[in-house]
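This report concerns only the one structure given below.
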Amino acid sequence: MIGRAAHRALIAALFLFLLAPVVLVIPMSFSADAFLVWPPSGFSLRWYTAMWRETKLMEAARNSILLACLVCAATLVLAMPAALVLARGRFRGREALVALLTAPLLLPTIVLALALLILFVGYGLIGSWPGLLLAHLLVALPYGIRVLMTAVSTLPPAVEEAASSLGAAPWRVFRRITLPLMLPGVAATAAIVFLVSFDEVVISLFVVGPELTTLPVAMFRYVESRTDPLVAAVSALLVLLTLSIVIVLERAVGLGRALGK
Amino acid sequence: MAGTALVLEGLTKRYGTLAPAVDALSLTVQPGEFIGLLGPSGCGKTTTLRMIGGLIEASGGRVLVDGRDVTALPPHRRDMGIVFQNYALFPHMDVAGNVAFGLEMRGMKRGEIAAKVEAALDLVRLGHLAKRRPKELSGGQQQRVALARALVIEPSVLLLDEPLSNLDAKLREEMRAEIQDIQRRLGITTIFVTHDQAEALAMCDRIAVMAQGRIAQLGTPHDIYEHPASEFVADFVGRSNRIAGHAADGRLNIGDLTIDAPAPVAPGPVTVMIRPHRIAFTAGGAGWNEVRGSVRRVTYVGDVLACEVTAGGAVFLVEQPTQPGVPPPEAGAEVCIAWRVADTLVFPRETA
Ligand SMILES: Nc1ncnc2c1ncn2[C@@H]1O[C@H](COP(=O)(O)OP(=O)(O)OP(=O)(O)O)[C@@H](O)[C@H]1O
Ligand SMILES: [Mg+2]
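For the protein sequence lines, the chains are A and B, in the order given.
Basically my numbering = 1-based index in the first sequence + 335.
Basically my numbering = 1-based index in the second sequence + 262.
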């Protein structure tokens, strides 16, 4: 009995440790103080109203949302055929190709960032939309390919063959059978890739420019110069956004199933 | 009734360096004919069917439909209805949607589709389940949906991969008759894969018995059963006593017994095979083989009496319908058993 109680206490402590920063941010965002102090001396909504006037941050937020959507779309378009070929194909070097395409998942992000910086400077891509899109795609594609490959491999056997024997040409098989059956995987990919891009900070730090920046980078810059609870309010909204995406996904398709667990 | 002629010419499938799964298989199917592919598990039945349907590429050989070479055509341009061993229903569509799919692909009008789907579902007695999803159906019901889905497109060739394997005995019987009926009525050339010999014998115009990727024998059910071409076929189709013997002077020796062969036979070791129910407890006569032996074991199963009789060092299984007023022989009793010489199957023994 004691063992079990201790076990529970340990798990609770772990959760507390993992969630404390998130939990702390929320009361902090309602602070009435002008500085980040704990505990806040009073509560108000002043930082929630103040943040909308912070044009730099707001523009960065718009950029981040647009970027995440673009990355999402591009990833789906590129990763879908790749996943179909990689999960199904029986060709030499398949394993190697899978490893190569998903390798960036394992590489230290800082190394990627540095490499991109060197490459982008030469092509004038720093601080540009194409540069940012390319950089984020590099991080997002491996996730997309992985999750979609799982989705392909969990497709029921022979249904596509059945469809084609019933007279469906390949693209109709894809549209009527393959794609609908992969929808949970596609939704999961979209959500994960959106969050990966929206949350990306290390690589973004290297490739953003004065004219074009993303929300995490803008927040980072903000706290370098100011110490008011405004970023806490922004963070609280981000927590809300992330949570709602995850919940919607879980409700719609079951996140565990979509990830092939 | 037009019907489509289907010809397989030296059809071959190799997987890597293994022995070929299907080995230069040739078969000519008449228009509207119902052919059974019968054979043990792993003999290449499914592989053959999939090559005909275009689902896997043949390593060699050709498939001809009405004289036209379709070997290179993709499945959606072959007009063949396939019922898969594992059904392969579309899980995201209801039963009616599954059946309608092929018609939609043919660009048929809505109203027409609805009518055809309803008729097809009635045919397989699933009209009341049209709105169910496949996962809400039993195995047998799924199988019938698969059948309806393949039939509704009225394909020129119907390929059935063990379509009845999951049905209970009664439904199976009904579906057998139903498939035969539809097939006759529509005159669809049909290949029916099964490893159930009773099913093959009952349903098919001709049966191709397969072993190790080849056709061991092609013939009518009667041919296959009465005149098996090899020990393998005799053993696989129907049950047989299998007795080692020796041919000499045109007759057969089994231990100290000597019996007649139905046809001239080359001297040497042979396997003698006799169907258990063709042996009777009678004295023979002209054209019969008769042996005396003693009853070793009697199994009484109500309508059938199964007796093991030892004679000449061999054991003969005798199966006879039970008869009123005739008590079964006792174990240890001396009996006389006999069978027609014509029912004696003789095959040269494969010396390993
Ligand atoms: N993809 C594959 N790779 C290698 N060998 C295969 C492959 N598919 C089938 N085989 C082999 O080919 C042979 C024939 O298989 P097939 O599925 O045609 O058998 P079957 O007669 O349909 O058997 P069953 O009655 O069990 O369905 C088997 O020995 C099988 O192991
Ligand atoms: Mg099979």
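All C-beta atoms, glycine included, are put in the ideal place defined by N, C-alpha and C.
Cβ of residue i within 7 Å of any heavy atom in ligand 2?
i                      : result
residue 308 of chain B : yes
residue 605 of chain B : no
residue 347 of chain B : yes
residue 511 of chain B : no
residue 356 of chain B : no
residue 384 of chain B : no
residue 423 of chain B : yes
Taking its Cβ as the centre, do 16 or more other Cβ atoms sit within 10 Å of residue i, making it buried, or is it exposed?
i                      : result
residue 261 of chain B : The question about residue 261 of chain B has no answer, for chain B in this structure spans 263 to 614.
residue 596 of chain A : Confidence in residue 596 of chain A is poor, its pLDDT being 45 and thus under 50, which makes the residue's placement too unreliable to answer from.
residue 371 of chain B : exposed
residue 315 of chain B : buried
residue 481 of chain A : buried
residue 331 of chain B : exposed
residue 378 of chain B : buried
residue 557 of chain A : buried
residue 471 of chain A : buried
residue 307 of chain B : buried
residue 421 of chain A : buried
residue 616 of chain B : Outside the displayed span of chain B (263 to 614) sits residue 616 of chain B, for which this structure offers no information.
residue 275 of chain B : buried
Just the C-alpha distance for residue i and residue j, rounded to the nearest angstrom, thanks.
i                      : j                      : result
residue 600 of chain B : residue 532 of chain B : 20 Å
residue 263 of chain B : residue 462 of chain B : Here the model assigns residue 263 of chain B a pLDDT of 49, short of 50, so the residue's position is not dependable and the matter cannot be decided.
residue 514 of chain A : residue 419 of chain A : 11 Å
residue 323 of chain B : residue 478 of chain A : 44 Å
residue 284 of chain B : residue 278 of chain B : 13 Å
residue 380 of chain A : residue 367 of chain A : 7 Å
residue 518 of chain A : residue 425 of chain A : 24 Å
residue 521 of chain A : residue 291 of chain B : 45 Å
residue 213 of chain B : residue 557 of chain B : In the structure as shown, chain B begins at 263 and stops at 614. Residue 213 of chain B is therefore absent and cannot be evaluated.
residue 391 of chain B : residue 401 of chain B : 14 Å
residue 407 of chain A : residue 474 of chain A : 11 Å
residue 488 of chain B : residue 418 of chain B : 32 Å
residue 542 of chain B : residue 580 of chain B : 7 Å
residue 400 of chain A : residue 584 of chain A : 18 Å
residue 403 of chain A : residue 530 of chain A : 7 Å
residue 454 of chain A : residue 461 of chain A : 9 Å
residue 350 of chain B : residue 497 of chain B : 33 Å
residue 577 of chain A : residue 532 of chain A : 12 Å
residue 505 of chain B : residue 607 of chain B : 10 Å
residue 440 of chain B : residue 465 of chain B : 11 Å
residue 373 of chain B : residue 294 of chain B : 29 Å
residue 341 of chain B : residue 435 of chain B : 28 Å
residue 360 of chain A : residue 351 of chain A : 14 Å
Determine the closest residue to residue i out of the options, with distance taken between C-alpha atoms.
i                      : options                       : result
residue 464 of chain A : A:558, A:577, A:545 and A:365 : A:545
residue 407 of chain B : B:389, B:276 and B:417        : B:389
residue 309 of chain B : B:444, B:556 and B:474        : B:474
residue 578 of chain B : B:536, B:548, B:593 and B:592 : B:536
residue 469 of chain A : A:392, A:448, A:341 and A:442 : A:448
residue 296 of chain B : B:444, B:306, B:585 and B:570 : B:444
residue 482 of chain B : B:490, B:491, B:469 and B:545 : B:469
residue 603 of chain B : B:427, B:524 and B:405        : B:524
residue 513 of chain B : B:500, B:288 and B:609        : B:609
residue 480 of chain B : B:275, B:294 and B:301        : B:301
residue 571 of chain A : A:541, A:413 and A:554        : A:554
residue 440 of chain A : A:578, A:354, A:528 and A:560 : A:528
residue 288 of chain B : B:590, B:273 and B:298        : B:273
residue 348 of chain B : A:575, A:341, A:496 and A:516 : A:496
residue 438 of chain A : A:456, A:476 and A:505        : A:476
Would residue i count as contacting chain E if we go by Cβ distances under 8 Å?
i                      : result
residue 457 of chain B : This model lacks chain E altogether, as its protein chains are A and B.
For residue i, verify whether its CB is less than 7 Å away from any heavy atom of ligand 1.
i                      : result
residue 280 of chain B : yes
residue 557 of chain A : no
residue 320 of chain B : no
residue 562 of chain B : no
residue 283 of chain B : yes
residue 462 of chain A : no
residue 471 of chain A : no
Check whether the Cβ of residue i sits closer than 7 Å to any heavy atom of ligand 4, and report yes or no.
i                      : result
residue 301 of chain B : Annotation note on ligand 4: not contained in the displayed structure, which lists ligand 1 and ligand 2 as its ligands.
In chain order, what residues of the region 322-337 of chain B put their CB closer than 8 Å to some CB of chain A? 336 and 337
Using a Cβ-Cβ cut-off of less than 7 Å, give me the residues of the region 415-428 of chain A that come near chain B, in sequence order. none
Anything in the region 492-514 of chain A with a Cβ closer than 9 Å to a Cβ of chain B? List those residues in chain order, please. 492, 493, 494, 495, 496, 497, 498, 499, 500, 501, 502, 503, 504, 505, 507, 508, 511 and 512
Below 7 Å between beta carbons is the criterion; list the residues of the region 516-543 of chain A that meet it against any residue of chain B, in chain order. 516
Contact list for the region 432-454 of chain B against chain A, Cβ threshold 8 Å: none
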